[in-house]
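Protein chains: 2
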Amino acid sequence: MKILCNQKKLAHAITNAQRAINTKTTVEILRGILISAEDNKLKVRGYDNEISIETEIEAQVELAGSIVINSKLIGEIVRKLPDSYISIETDDNFNVFISCMSSRFKIKGISAEDFPNIDSIEVGDMLKISQADMKNMIRNTVFAAATDNSNQTFNGELIEIDSEKINMAALDGYRLATMTNPFKSGVDKNLSAIVPRNTLNHLNSLLSDDGDLYIAISPRDVVFKFDNTRLVGRLIDGEYADYKSLLPKEYVTKISVETKKLQEAVERASLLFTSDKNNTIKMTVTDKLLVITSNNENGNAYEEIGVEFEGDMLDIAFNSRYFLDGIKYLNSEYVSIEFLGAINPCVIKPLDDIEYTYLILPVRISN
Amino acid sequence: MKILCNQKKLAHAITNAQRAINTKTTVEILRGILISAEDNKLKVRGYDNEISIETEIEAQVELAGSIVINSKLIGEIVRKLPDSYISIETDDNFNVFISCMSSRFKIKGISAEDFPNIDSIEVGDMLKISQADMKNMIRNTVFAAATDNSNQTFNGELIEIDSEKINMAALDGYRLATMTNPFKSGVDKNLSAIVPRNTLNHLNSLLSDDGDLYIAISPRDVVFKFDNTRLVGRLIDGEYADYKSLLPKEYVTKISVETKKLQEAVERASLLFTSDKNNTIKMTVTDKLLVITSNNENGNAYEEIGVEFEGDMLDIAFNSRYFLDGIKYLNSEYVSIEFLGAINPCVIKPLDDIEYTYLILPVRISN
């Protein structure tokens, strides 16, 4: 391989590819990134057995070829080189010669033949959605997926696409977050896939606020394409829970409240908690007033917020972190909360056109 | 105690005081900050047996008094409260009641009587220097003080003040950094003190780029006053090394080089090093060219920079981190390096009016 490419573009591509790399792996080749040059294009890929992230940049390719280079080392070198053109050359012994202006490096690479090949993935039609919409959907739902559940489907998020809309849902047994976006897919068939939580977190960190995202789903993989980057993720096999049946159809108490005020009050009432456990906040819902209190060995906190109110008065308690998760990324000025009594799930919905639902189970408390 | 004060100002004072607190201490009261109210002033103090940081803010004091409150807890609460007025009240059982708008907290405090008293420190005249000058002097020298030397004086930095100038010097056996600023003290006597490295790092993080700094030195303590903050630090007892005798009077090779280019070249040549040990860079000084190379199991690096040259050609090697420390905070466009051969210390000096000297020992290498 012998190529010449722009330092800034290469640094950016390496940063993207590095996100896929699990730095704790003991498999040396998976700590490396694959660099492949062909047809005046340089592809830079990171892979961790679950996802692959590849970014393509322009390059002047004098000799096609590919090599695997330790991701940390090549990243540090390329980022520290001047904003100029970088030459990368390899020899038959997998030595890599990097030069730029008055700097020259020689480092040891690894044969690209041993790098896992994912190019053979076959995917169907690519569907188009805006990157900003996808980011927003992921941010508002992905936290509700479990991290380490023995039921693998709970560690992923369901993506459902039909000709009218795209819907995402995540649940972990304590809460359910689901969001829908209108979406003209242009295809007739309905698609669905369970995408690992980590894959969606990586996607979220790579997406920008402009531009389109293309999605293709195969029986085994999902492919996301955007800008000059391609993320391929293995899907979770299995039947996703029938989450729609979990959503209550009625309520006995309903309030409307300013989202930001609710968030700040819950955050303050949570300040006395020193761990993620035992972080129960109590809510007393009365006509016109929502009172939030907490109480532990550090002391106690009291917060009150004015609300619109309908139905019965209520005392209920929540895990404060779980409660906050459901509102902190919402852009809606007001939310409604529908309660079905102190021991049944309640439902938080934005009071605007956003199709978002957050269901959360209360914590049982003894008075 | 019963007071009313501004949320932003209190948050800022707590953040300052928290810097003095050693969060690893097992002494509960030293995890707390002391809040004392009197004469429409609120003093907020953190202390860790070595330094004390106290910031004073305006407050409406209805009832004078003082209390110690867990620093982390009060910091988090005050920072999360709205930008408004905060009321703090204590009762006879050391309960602390904090309220602001529609938020109320009750937390447990500790009697202020048990908090170490440092108010009795007697200091002489306060000398005035600009905060920006002091920051610059600390930044360019403090790294050369040792961190854990059995000779305690090496873990601090010497500050010498006479009627003409202020001078600071730090050395650890491998390098020496010293900087001098012109300074009209207005006092006749010469002062000197050995200030712990940590105290100077704390001071550096608190100083701003404008305004004055007042310094007073007592036999046991140093007091720095600036803005509304007072930092008191215990001095290190002992005789400081006669560092001036270490500086060579002559040289056999001298180069002048662009500071930024030198820094970047050394940084790049250091990229192959994976630990702080075995990070030796070699320099070959020839007429017109400085070549910097490194070589280890990861590969090798080569850098070259044009230089002004005088004297004999030379091969020499350095610990790259130690070398970088001496130039990375310098604002001078060019530096000179004076060598006394491959096994003697060399001296780096800025090529402008700044009175700064960095002496560094080379690493012995076998060819």
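So the protein lines, in turn, are chains A and B.
Heads up: take any position in the first sequence, counting from 1, add 2, and you land on the working numbering.
Heads up: take any position in the second sequence, counting from 1, add 2, and you land on the working numbering.
For glycine and all other residues, C-beta sits at the position ideal for the given N, C-alpha and C.
- For the options A:Ser86, A:Ile76 and A:Val70, the alpha carbon positioned closest to that of Phe96 (chain A) is the one of A:Val70.
- When the alpha-carbon of Asp85 (chain B) is set against those of A:Glu266, A:Ala271, A:Met285 and A:Glu310, the nearest one is in A:Glu266.
- Against chain A, the CB of Ile79 (chain B) has a partner CB under 8 Å away; the residue lies at that interface.
- Rounded to whole angstroms, the gap between the alpha carbons of Pro250 (chain B) and Pro347 (chain B) is 8 Å.
- Close to chain A, meaning a Cβ-Cβ distance shorter than 7 Å, are the following residues of the region 95-116 of chain B: Ser104, Ser105, Arg106, Phe107, Lys108, Ile109 and Lys110.
- The secondary-structure analysis by DSSP pairs Arg366 (chain A) with nothing; it has no beta-bridge partner.
- Of the candidates B:Tyr324, B:Val337 and B:Pro184, B:Tyr324 places its Cα closest to the Cα of Ile362 (chain B).
- Residues of the region 286-307 of chain B with a C-beta atom less than 8 Å from some C-beta of chain A are Asn300, Gly301, Asn302, Ala303, Tyr304, Glu305, Glu306 and Ile307, listed in chain order.
- Residue-level contact check: Glu269 (chain B) touches chain A, since one or more beta carbons of chain A fall below 8 Å from its beta carbon.
- Cβ neighbours of Leu237 (chain B) within its own chain (closer than 7 Å, five residues either side excluded): Ala195, Ile196, Val197, Arg222, Asp223 and Val224.
- Distance from the CA of Tyr176 (chain A) to the CA of Val80 (chain A), rounded to the nearest whole angstrom, comes to 45 Å.
- DSSP places Leu202 (chain B) within a helical segment (H, G or I) once states are collapsed to three.
- The Cβ of Leu32 (chain A) sits no closer than 8 Å to any Cβ of chain B.
- Within the region 216-273 of chain A, the alpha helix (DSSP H) runs of at least 4 residues that lie entirely inside it are, in chain order, 261-271.
- Between Lys26 (chain B) and chain A, the shortest Cβ-Cβ separation is not below 8 Å.
- By the rule that beta-carbons nearer than 8 Å mark a contact, Lys82 (chain B) touches chain A.
- Out of B:Ile161, B:Leu6 and B:Asp278, the CA that lies nearest to the CA of Tyr245 (chain B) is found in B:Ile161.
- Under the three-state reduction of DSSP, Ile161 (chain A) is assigned to strand.
- Within the model, the alpha-carbon separation for Lys82 (chain A) versus Arg33 (chain A) is close to 20 Å.
- In the structure shown, Tyr324 (chain B) adopts helical secondary structure according to DSSP, grouped into three states.
- When the Cα atoms are used, Leu65 (chain B) and Lys26 (chain A) turn out to be separated by approximately 57 Å.
- For Leu316 (chain A), no chain B residue has a C-beta closer than 7 Å to its own C-beta; the minimum C-beta separation is roughly 20 Å.
- Close CB contacts of Asp116 (chain A) within its chain, under the 6 Å cut and outside five residues either way in sequence, are with Ile31 (chain order).
- Under the Cβ distance rule, Leu215 (chain A) does not count among the residues neighbouring chain B, no pair being separated by less than 8 Å.
- Setting aside the 5 residues that flank it on each side, Thr288 (chain B) is surrounded in the same chain by Met315, each with a C-beta closer than 6 Å to its C-beta; the list follows chain order.
- As the crow flies, the alpha-carbon of Ser334 (chain A) is around 9 Å from that of Glu260 (chain A).
- Our two residues, Leu233 (chain A) and Ser207 (chain A), have alpha carbons roughly 12 Å apart in a direct line.
- Here Thr276 (chain A) is exposed. Its C-beta has fewer than 16 other C-beta atoms within 10 Å.
- Look at the beta carbons and you see the region 328-345 of chain A not touching the region 157-172 of chain A: under three pairs across the two are nearer than 8 Å.
- For the region 118-199 of chain B, the continuous beta strand (DSSP E) assignments of 3+ residues that do not extend past its boundaries occur at 129-132, 158-163, 167-173, 177-184 and 193-198, in sequence order.
- Counting the other Cβ atoms within 10 Å of the Cβ of Thr143 (chain B) gives 16 or more, which makes it buried.
- Of B:Glu78, B:Gly48 and B:Met136, the smallest CA-CA separation from Arg270 (chain A) is found for B:Glu78.
- Each residue's CA atom was taken as its position, placing Thr149 (chain A) and Asp327 (chain A) some 15 Å apart.
- Shown here, Asp212 (chain A) sits in coil according to DSSP, grouped into three states, outside any helix or strand.
- In the three-state reduction of the DSSP assignment, Thr17 (chain B) falls in the helix class, which pools H, G and I.
- At a cut-off of 8 Å, the C-beta of Leu273 (chain A) has a neighbouring C-beta in chain B.
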